[in-house]
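Colleague: Residue numbers (UniProt numbering): 1 to 544. For every residue, glycine included, the Cβ atom is placed at its ideal position computed from N, Cα and C. Just so it is clear, the structure is predicted and the values come from calculations on it, not from any experiment.
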Amino acid sequence: MDIKTIATTPYDDQRPGTSGLRKKTRVFLEKPNYLENFVQSTFDSLEGFKGKTLVVGGDGRYGNKRAIQTIVRMAAANGFGRVLVGKYGLLSTPAASCVIRKYQAFGGFILSASHNPAGIDEDFGIKYNATNGGPAPEKITEAIYQHSQRIERYLTCEAEDIHLEKVGSTQIGDTEVVVINPISDYAELMQKLFDFDAIRALFQSGFRMCFDGMHAITGPYAKAILEKELGAPQGTVINHMPRPDFGGGHPDPNLTYAEKLVKIMFGPKPPEFGAASDGDGDRNMILGQHFFVTPSDSLAVLAANATRVPGYKDGLAGVARSMPTSAAVDQVAKALGITCYETPTGWKFFGNLMDAGKITLCGEESFGTGSDHVREKDGLWAVLFWLNILAVRKMSVEAIVQEHWQKYGRNIYTRHDFEGVDKARAEDMMQNLRNRMHTLPDRAVGTLRIAYSDDFSYTDPVDGSKATGQGIRIQFNDGSRIVFRLSGTGTEGATLRVYIERYEADSTKHQTETQTALKDLIAFAHSIAEIEKYTGRSKPTVIT
Ligand code: G16
Numbered sequence: 001m002d003i004k005t006i007a008t009t010p011y012d013d014q015r016p017g018t019s020g021l022r023k024k025t026r027v028f029l030e031k032p033n034y035l036e037n038f039v040q041s042t043f044d045s046l047e048g049f050k051g052k053t054l055v056v057g058g059d060g061r062y063g064n065k066r067a068i069q070t071i072v073r074m075a076a077a078n079g080f081g082r083v084l085v086g087k088y089g090l091l092s093t094p095a096a097s098c099v100i101r102k103y104q105a106f107g108g109f110i111l112s113a114s115h116n117p118a119g120i121d122e123d124f125g126i127k128y129n130a131t132n133g134g135p136a137p138e139k140i141t142e143a144i145y146q147h148s149q150r151i152e153r154y155l156t157c158e159a160e161d162i163h164l165e166k167v168g169s170t171q172i173g174d175t176e177v178v179v180i181n182p183i184s185d186y187a188e189l190m191q192k193l194f195d196f197d198a199i200r201a202l203f204q205s206g207f208r209m210c211f212d213g214m215h216a217i218t219g220p221y222a223k224a225i226l227e228k229e230l231g232a233p234q235g236t237v238i239n240h241m242p243r244p245d246f247g248g249g250h251p252d253p254n255l256t257y258a259e260k261l262v263k264i265m266f267g268p269k270p271p272e273f274g275a276a277s278d279g280d281g282d283r284n285m286i287l288g289q290h291f292f293v294t295p296s297d298s299l300a301v302l303a304a305n306a307t308r309v310p311g312y313k314d315g316l317a318g319v320a321r322s323m324p325t326s327a328a329v330d331q332v333a334k335a336l337g338i339t340c341y342e343t344p345t346g347w348k349f350f351g352n353l354m355d356a357g358k359i360t361l362c363g364e365e366s367f368g369t370g371s372d373h374v375r376e377k378d379g380l381w382a383v384l385f386w387l388n389i390l391a392v393r394k395m396s397v398e399a400i401v402q403e404h405w406q407k408y409g410r411n412i413y414t415r416h417d418f419e420g421v422d423k424a425r426a427e428d429m430m431q432n433l434r435n436r437m438h439t440l441p442d443r444a445v446g447t448l449r450i451a452y453s454d455d456f457s458y459t460d461p462v463d464g465s466k467a468t469g470q471g472i473r474i475q476f477n478d479g480s481r482i483v484f485r486l487s488g489t490g491t492e493g494a495t496l497r498v499y500i501e502r503y504e505a506d507s508t509k510h511q512t513e514t515q516t517a518l519k520d521l522i523a524f525a526h527s528i529a530e531i532e533k534y535t536g537r538s539k540p541t542v543i544t
């Protein structure tokens, strides 16, 4: 193989965010060597991969296939022994994690900007996952960034494009490139975790569901598993064809963007169960008939019912949630006598806890739920977990959640997003709040009193690494909370996220509409942070 050394120069904006490097598609396509710089900086940050296996796949968005061809050539030139690529260039994020683990790969690249829209004028992204199948920890992402700041060359080679349309193997010099079925390894893992017979019987009994693939990666996975394997009627999976522009939609499974599914589930005679996943298949939304399950509640319900599901029948080692996620799962952990860890936002913070056997289940308010079966959050896994519980308990989604609240109390919860605001102004707002944090304790807000306020920091209990500046918390004496953070996944301007939560033990108050139940805290959040003054917005763009 003729290895080519190509001269290049650094870009100063290649620091990975909450989940990899996300930019406008044109940045990757039109800035010379933008992708190559990031890929080579990643290789240069790693040691010991010569002759080992690299996994490559993506969510099928615009630019996916072209990026894969570039990465395959670079992987060969850098000395990987084998590259596993999903057919058509596809691999959902959890499937990529599964494949990395199953084939003991050195690591993998996932091409995705997750739930961000796709297309030439939308977003593209790339992230590196390590040997455990999980997102690279901060020490690797920081090393990648440092390398990207002094990069002078990248390595590639002359080779024909790989035939991504056909499963099979080819050689580039000493490197074997294998195009794999992107679904089968993942489907096999799901079969090991869940009672497929019970779910099959549920569908045979006439149970109906609607799964929204949002024209993104999970469509083919859901078709294969729900319809073909589990016998759900054809048509159960809607928007199932992945498209390079996700059909022009915004594949974020929430009440705003999963519009078609929401219409069905809140319309006349809805199916018993509704679910959606996002661009790269790691997020999930769970719906009952006219009923939305918050991601925080969903995690708590899965934890409380885990032993009814084969893969978790021996119980949970522990659980974890990101800091802004509601404390619903904390109540379950307390009842089960297991530890609940509180981590910063970002799936990468769960990896060490899972590798060390400290947790089995974890989740985030941002529609992510998962377990130690892989090292990514997993949308379809969460849907199958719910289906398994529904098959065993023979109750509706709403009845299960209502019963859960009766037993554990309800953590009434909402997130308000202010998308596309001015970045500098949003950072000023956060700084202003930070400067005044120390004046807040003991202050009365209606009948509540502020217990403390801080900027969340985290010390990893496994390797002692520290993460600071992870979100400003205002904690009240009754357990209520308000959290302010700026999103780390956007590509333009800033998104302010405000998370609001109140614990309600009194079941007579569980039916109050969420925004009404949290009205006083929402008003206080607006006034204390001076949201309108800094962002020019009096109302959020998205409420979840
Ligand atoms: C990513 C991360 C998640 C995080 C979410 C939101 O999800 O993997 O851990 O919770 O972003 O992050 P932020 O609030 O910073 O926008 P995904 O689905 O986009 O990969």
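For the alpha helix (DSSP H) holding Gly-311, just list the boundary residues, first then last.
Modeller: It is not in any alpha helix (DSSP H) - Gly-311 carries neither H nor E in the DSSP assignment.
Colleague: Assuming Asp-252 and His-115 form a contact by the criterion Cβ under 8 Å, report the distance between their Cβ atoms to the nearest whole angstrom.
Modeller: Right, the Cβ-Cβ distance comes to about 4 Å (below 8 Å), so this counts as a contact.
Colleague: Does the beta-carbon distance from Leu-84 to Val-99 come in below 8 Å?
Modeller: Yes, these two residues count as a Cβ contact at 8 Å.
Colleague: Using only alpha-carbon positions, find the residue among Phe-28, Gln-331 and Asn-239 that is nearest to Gly-479.
Modeller: Out of Phe-28, Gln-331 and Asn-239, Gln-331 has the C-alpha closest to the C-alpha of Gly-479.
Colleague: Does the Cβ of Asp-121 lie closer than 7 Å to at least one heavy atom of the ligand G16?
Modeller: Checking every heavy atom of the ligand G16 against the Cβ of Asp-121, none is found closer than 7 Å.
Colleague: Does the separation of the CB atoms of Gly-57 and Ala-96 fall below 8 Å?
Modeller: Yes, the pair counts as a contact, with Cβ atoms nearer than the cut-off.
Colleague: In angstroms, rounded to a whole number, what distance separates the CA positions of Ala-67 and Tyr-458?
Modeller: Each residue's Cα considered, the two are about 35 Å apart.
Colleague: From Thr-5 to Lys-52, what does the alpha carbon distance come to, in whole angstroms?
Modeller: For Thr-5 and Lys-52, the distance between alpha carbons rounds to 21 Å.
Colleague: What is the DSSP secondary structure of Ile-162, counted as helix, strand or coil?
Modeller: Three-state DSSP puts Ile-162 in coil, outside helix and strand.
Colleague: Can you grab the Cα-Cα spacing for the pair Lys-50 / Asn-78, in whole Å?
Modeller: Cα to Cα, the separation comes out at about 8 Å.
Colleague: Starting from Lys-24, follow its DSSP beta bridges and name the residues at the other end.
Modeller: DSSP, once it has assigned bridges, lists Asp-123 as partnering Lys-24.
Colleague: Go ahead and label His-240 buried or exposed: buried means 16 or more other beta carbons lie within 10 angstroms of its beta carbon, across all protein chains shown.
Modeller: Answer is buried; the Cβ neighbour count reaches 16.
Colleague: Tell me which same chain residues have a C-beta within less than 7 Å of the C-beta of Tyr-103, skipping the five on either side of it?
Modeller: If we look at Tyr-103 and ignore the five residues flanking it on each side, its Cβ neighbours are Thr-53 and Leu-84.
Colleague: How about Ser-322: is its Cβ closer than 7 Å to a heavy atom in the ligand G16?
Modeller: The answer is yes for Ser-322.
Colleague: Met-209 lies in the beta strand (DSSP E); which residues open and close that run?
Modeller: That run of the beta strand (DSSP E) goes 209-212.
Colleague: Specify, as a first and last residue, the run of the beta strand (DSSP E) that His-510 falls within.
Modeller: Note, His-510: premise wrong, no beta strand (DSSP E); not H, not E.
Colleague: Would you list, in sequence order, the uninterrupted alpha helix (DSSP H) runs of no fewer than 4 residues that lie entirely inside the stretch 243-323?
Modeller: If we require 4 residues or more, the alpha helix (DSSP H) runs fully inside the stretch 243-323 come out as 259-265 and 295-305.
Colleague: Which stretch, first to last residue, makes up the beta strand (DSSP E) that contains Arg-410?
Modeller: Counting along the chain, the beta strand (DSSP E) containing Arg-410 begins and ends at 410-421.
Colleague: Thinking C-alpha only, which one of Arg-200, Ala-276, Gln-69 and Ile-474 is nearest Leu-433?
Modeller: Looking at the Cα atoms, Ile-474 is the closest of the given residues.
Colleague: Would you mind stating whether Leu-289 and Ser-205 have Cβ atoms separated by less than 8 Å?
Modeller: The residue you asked about is not Leu; residue 289 is Gln in the sequence shown. Going by C-beta atoms, Gln-289 is not nearer than 8 Å to Ser-205.
Colleague: By the 10 Å Cβ neighbour count, where 16 or more other Cβ atoms means buried, how is Pro-344 classified, buried or exposed?
Modeller: So Pro-344 counts as buried.
Colleague: Can you look up Tyr-62 in the DSSP assignment and give me helix, strand or coil?
Modeller: Reduced to three states, the DSSP call for Tyr-62 is coil.
Colleague: What residue does the alpha helix (DSSP H) around Ser-457 start on, and which one ends it?
Modeller: Unbroken run through Ser-457: none, as it is neither H nor E.
Colleague: Do you know offhand how far Tyr-503's Cα is from Ile-412's?
Modeller: Their Cα atoms are separated by approximately 6 Å.
Colleague: Using a Cβ distance threshold of 8 Å, determine whether the stretch 245-260 contacts the stretch 221-229, with at least three qualifying pairs required.
Modeller: No, because fewer than three Cβ pairs between the stretch 245-260 and the stretch 221-229 fall closer than 8 Å, the two stretches do not touch.
Colleague: From the DSSP output, in three-state form, read off Pro-220 for me.
Modeller: Pro-220: helix per DSSP, three-state reduction.
Colleague: By alpha-carbon positions, which one of Asn-477, Asp-460 and Asp-454 ends up nearest to Gly-469?
Modeller: Here the closest residue by C-alpha is Asp-454.
Colleague: Is DSSP giving Pro-94 helix, strand or coil here?
Modeller: Helix, per DSSP.
Colleague: Does any heavy atom of the ligand G16 sit closer than 7 Å to the C-beta of Gly-368?
Modeller: Result yes, Cβ under 7 Å from the ligand G16.
Colleague: Please say whether Asp-520 and Gly-446 have beta carbons closer to each other than 8 Å?
Modeller: A contact, by the Cβ cut-off of 8 Å.
Colleague: Pairs of beta-carbons, one from the stretch 532-542 and one from the stretch 415-432, closer than 8 Å: are there three or more?
Modeller: Yes, since at least three Cβ pairs between the stretch 532-542 and the stretch 415-432 fall closer than 8 Å, the two stretches touch.
Colleague: Kindly identify the DSSP beta-bridge partner or partners of Tyr-154.
Modeller: BP columns for Tyr-154 point to Ile-6.
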